[in-house]
């Protein structure tokens, strides 16, 4: 019934949106035309040139890119908005695990061989603690791995995944779509922390495959936000480690229990927990090397013209960093995300031109160039925790990340864009997006990655997510992954500038409508992704 009601609302909203845009807005068309392939190309050939050395997060070259964007805004006549600055600076730390061992009973296990962690912890020093096997580490009304066991001051040992029946169906969903518990290790970590555990070990069934894929990242420093003590500080996050099935077997047997597969089969067959305190103690040692650095977001704020609405803010975002240099090669990141960066820049120019002509948007528009996306959505996370403009006044975020190329699914049709998240929180935003495209751009709006069950999980992988998690409606514009994704071949001569310009027009028209309509967007949908 809930989905039927949501569908009815969506159909109604789409109809309303089409009625709303039945007549093309000639002013909007005039200012959209300032977003040109030639200007996009001019900016991108500068920002994605070798001189910027891949704009690595926190690097001097990233600051060069920030300064370039700020100069463009000065040239447009846009003033600073953050206490006299165009920047929002934030602290980062580079953390690399220097040494680590896990000991259980008489066994000692080796980092990057028997276990791994993405860490971020400065130091872990736990000695002679009890180990509690907690099944899958899940607690719900119908199934509770913590029932009957006390994990206070303990090391929790649990499986990744969730209980399934003989057909491989989740016992929670009743089908082969797994629940949110299945691969979200943070949920299990945070639950164990809430119950007083000191650390958590996950038995990862695909350990060897995953370790091979992440080995490079384990050897490199991990970048994280350096929050003030007591606010999201990683030193206060429960230490977590992914261990091999063979290490899990050894720990279980040392604790006088059956092996990993035997106990997993028993839990699945009975659909009930088999948690226990192991008859063995464990110790975890980890020492990290830490380096503090600074990064910044760049802000372009165009104040609204309507005194009653200008406190409400429409955000257009894109990340302007990339991954820098590796092995002597520069990763210029023309598509990722130079394409989004320069499109956002041109959208800002379109709104500022309208304002100079006396036709500025009723609501305010913030073009937000974030950094740290490649390291974990860090700049947008910092903005969402320390917003320059209140989140309760933020109407939506239209996020642009990789719109300059085509993927294998669209080699014969470049007039498309993946649209992700438009209907997840607001039927009005979705209908405005659809109507804007129908009225002005006629692109193929591909919703493939909008499916909550899509394994790529792109909804969580760009900066819009840090707005969506605060219940702010979002759209993520994306053209898909190609052979040069995170490769040194992502260069400006491979970009499709006409395609970028058309997508830029769609985003501008959507932002224009949201900024100028009488009613603020309403959050009327509970996201499928929650």
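Residue numbers (the numbering used here): -6 to 523.
Note that CB positions come from ideal geometry on N, CA and C, so glycine has one too.
| task | Check whether the region 96 to 103 touches the region 234 to 244, taking contact to mean three or more Cβ pairs, one atom from each stretch, closer than 8 Å. | result | yes
| message | Rounded to whole angstroms, what is the Cα-Cα separation between residue 341 and residue 295? | response | 8 Å
| field | Host alpha helix (DSSP H) of residue 22 (start-end) | value | 19 to 25
| Beta-carbon contacts of residue 345 that lie in its chain and below 6 Å, excluding the five residues immediately before and after | If the five residues before and after residue 345 are omitted, its C-beta is found closer than 6 Å to the C-beta atoms of 69, 71 and 295, all from its own chain and listed in chain order.
| field | Exposure label - residue 266; buried when at least 16 CB within 10 Å | value | buried
| request: Could you tell me whether the Cβ atoms of residue 171 and residue 155 are closer together than 7 Å? | output: Yes.
| query | Based on the DSSP secondary-structure assignment, which residues constitute the bridge partners of residue 276? | reply | 96
| request: Give the secondary structure of residue 242 by DSSP, where H, G and I count as helix, E and B as strand, and everything else as coil. | output: In this structure, DSSP gives residue 242 a helical state, which the three-state scheme calls helix.
| field | Helix, strand or coil at residue 402 according to DSSP, with G and I counted as helix | value | helix
| Three-pair Cβ contact test at 8 Å for the region 100 to 110 versus the region 307 to 325 | no
| request: Could you tell me if residue 139 is buried or exposed, where buried requires 16 or more neighbouring beta carbons within 10 angstroms of its beta carbon? | output: Label assigned to residue 139: buried.
| For residue 339, the three-state DSSP class (helix, strand or coil) | For residue 339, the secondary structure class from DSSP, reduced to helix, strand or coil, is helix.
| task | Could you give the DSSP three-state label for residue 250: helix, strand or coil? | result | coil
| task | Determine the DSSP secondary structure at residue 15, reduced to helix, strand or coil. | result | Below a pLDDT of 50, predicted positions are generally treated as unreliable, and residue 15, at 46, falls in that range; the measurement from the model is reported next regardless. Coil, per DSSP.
| query | Distance, Cα to Cα, residue 15 vs residue 53? | reply | Because residue 15 sits at a pLDDT of 46, beneath the cut-off of 50, its placement in the model cannot be relied upon, and the following sentence gives the value as read from the coordinates. So the alpha carbons of these two residues sit roughly 48 Å apart.
| field | Inter-residue Cα distance where the pair is residue 500 and residue 397 | value | Using only the alpha carbons, I get a separation of about 14 Å.
| field | Length of the line joining the Cα atoms of residue 328 and residue 478 | value | 8 Å
| If you draw a straight line from the alpha carbon of residue 384 to that of residue 421, how long is it in whole angstroms? | Residue 384 and residue 421 have their C-alpha atoms roughly 19 Å apart.
| task | Pick helix, strand or coil for residue 137, following the three-state DSSP scheme. | result | Here residue 137 sits in strand by DSSP.
| request: Quick one: grab the DSSP three-state call for residue 306. | output: strand
| query | Any idea if residue 525 is buried or exposed, counting beta-carbon neighbours within 10 angstroms, 16 or more meaning buried? | reply | Residue 525 lies beyond the range of the chain shown here (-6 to 523); nothing can be said about it.
| Going by other Cβ atoms of all chains shown within 10 Å of its Cβ, with 16 needed for buried, is residue 81 buried or exposed? | buried
| request: Out of 459, 409 and 281, state which residue places its alpha-carbon closest to the alpha-carbon of residue 378. | output: 459
| request: Taking only the alpha-carbon atoms, compute the straight-line gap between residue 203 and residue 27 and give it to the nearest angstrom. | output: Straight-line measurement puts the Cα of residue 27 at about 46 Å from the Cα of residue 203.
| field | First through last residue of the alpha helix (DSSP H) which encompasses residue 148 | value | Segment 148 to 152 is the beta strand (DSSP E) holding residue 148; no alpha helix (DSSP H) there.
| In terms of residues, what are the limits of the beta strand (DSSP E) holding residue 410? | 409 to 413
| said: Is the beta carbon of residue 88 closer than 7 Å to that of residue 179? | reply: A distance of 7 Å or more separates the beta carbons of residue 179 and residue 88.
| said: Between the alpha carbons of residue 36 and residue 356, how many angstroms are there, rounded? | reply: Answer to the nearest angstrom: the Cα atoms are 27 Å apart.
| field | N- and C-terminal bounds of the alpha helix (DSSP H) containing residue 496 | value | Taken as a continuous stretch (DSSP letters only), the alpha helix (DSSP H) holding residue 496 covers 490 to 509.
| residue 22 to residue 413 span [Cα, whole Å] | 24 Å
| query | Does DSSP classify residue 71 as helix, strand or coil? | reply | Coil at residue 71, not helix or strand.
| query | Quick one, are the C-beta atoms of residue 292 and residue 75 less than 7 Å apart? | reply | yes
| query | With distances taken between CB atoms, is the gap from residue 311 to residue 331 smaller than 7 Å? | reply | no
| field | Start and end residues, alpha helix (DSSP H) containing residue 461 | value | 458 to 461
| Three-state secondary structure assigned by DSSP to residue 449 | Coil.
| said: Quick check: what's the CA-CA separation for residue 48 versus residue 145? | reply: If you take the alpha carbons of residue 48 and residue 145, they lie about 45 Å apart.
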